[in-house]
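Once you know that position 76 of the sequence shown is 91 in our numbering, the rest is easy, because the numbers rise by one and skip nothing.
C-beta atoms are modelled at their ideal positions from N, C-alpha and C, and glycine is treated no differently.
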Amino acid sequence: MIRMPGVCNGDAETTVLCHLRMVGLTGMGMKANDLLGAWGCSSCHSYCDTHGMDGRTALLEGMARTQAYLLNTGLIEVSSEAEISHDS
Ligand SMILES: [Zn+2]
Numbered sequence: 016m017i018r019m020p021g022v023c024n025g026d027a028e029t030t031v032l033c034h035l036r037m038v039g040l041t042g043m044g045m046k047a048n049d050l051l052g053a054w055g056c057s058s059c060h061s062y063c064d065t066h067g068m069d070g071r072t073a074l075l076e077g078m079a080r081t082q083a084y085l086l087n088t089g090l091i092e093v094s095s096e097a098e099i100s101h102d103s
């Protein structure tokens, strides 16, 4: 889901959940929950860990795609009470 152009090996066999690291949410004994992550191949995972803000942006975009996929396939859902009204 990270799909970094020129980096991604496209090999589903190497896909892992790449967790976001973020001050206030992760670190010091706090592991990111599994919603704060993107599925990525080993090459994309490595890119995100070693390319500063570019890697971070790629991870965040991958996280958005991963969450969209999980929602679309019903693997996660937003409870009706929590849905935000789009009318206003
Ligand atoms: Zn990849």
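Compute the distance between the beta-carbons of Met33 and His60, then report whether it is under 8 Å.
-> Sequence check: residue 33 is Cys here, not Met. Going by C-beta atoms, Cys33 is nearer than 8 Å to His60.
Under the three-state DSSP convention, the category Gly52 falls into | strand
On a CA-only basis, which of Arg71, Arg18, Ser58, Ser95 is nearest Met37? Give me that one, please.
-> Arg71
Selection from Gly89, Leu74, Leu90, Asp26 that minimises the alpha carbon distance to Ser57 = Asp26
Close-in-space but distant-in-sequence residues of the same chain around Thr30 (CB under 6 Å, 5 per side omitted) = Trp54, Cys56
Nearest-angstrom Cβ-Cβ length linking Tyr62 and Met19, presumed shorter than 8 Å | Right, their Cβ atoms sit about 5 Å apart.
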